[in-house]
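Chemist: The working numbering numbers the first residue of the sequence shown as 23 and each following residue consecutively. Even for Gly, the Cβ is constructed at its ideal location relative to N, Cα and C.
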Amino acid sequence: MDSIQLTGYIAGFVIAFSLTPQVYRSWKTKSTKDISLLWNSILIFGLLLYFVYGIGIRQMPIIVMNTVEMLLAFSLIVAKLTYK
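#1: Can you look up serine 63 in the DSSP assignment and give me helix, strand or coil?
#2: How close, in whole Å, do the beta carbons of isoleucine 57 and lysine 102 come, if the pair is a contact with beta carbons under 8 Å?
#3: Whose C-alpha, out of Thr104, Ile77, Phe73, is nearest the C-alpha of threonine 89?
#4: Report the option in Gly34, Tyr75, Lys52 whose CA atom is closest to the CA atom of leucine 115.
#5: So, is serine 48 buried or exposed, given that buried needs 16 or more other C-beta atoms within 10 angstroms?
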């Protein structure tokens, strides 16, 4: 793995890590009133496009980290729909 790929993984980890506290808090408190379903849907759509781009250019850091980020964002949607 070269330094550019490592940078890609680190960047993806930081972005995924930024979603983690919100996901944790939503599931722990069972409250999602402050989470916008529209914002989260747009985020997932953008991550999906970036994932497809990663596949197109065959870059594992983009593919792997966007998968993690989409799972976290999707879990927020599940929490939002569960804990209305």
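Modeler: Quick answer:
#1: Correct three-state label for serine 63: helix.
#2: So it is a contact: roughly 5 Å between Cβ atoms.
#3: For threonine 89, the nearest C-alpha among the options comes from Phe73.
#4: With the chain represented from 23 up to 106, any question about residue 115 goes unanswered, as that position is not in the structure.
#5: Buried is the call here.
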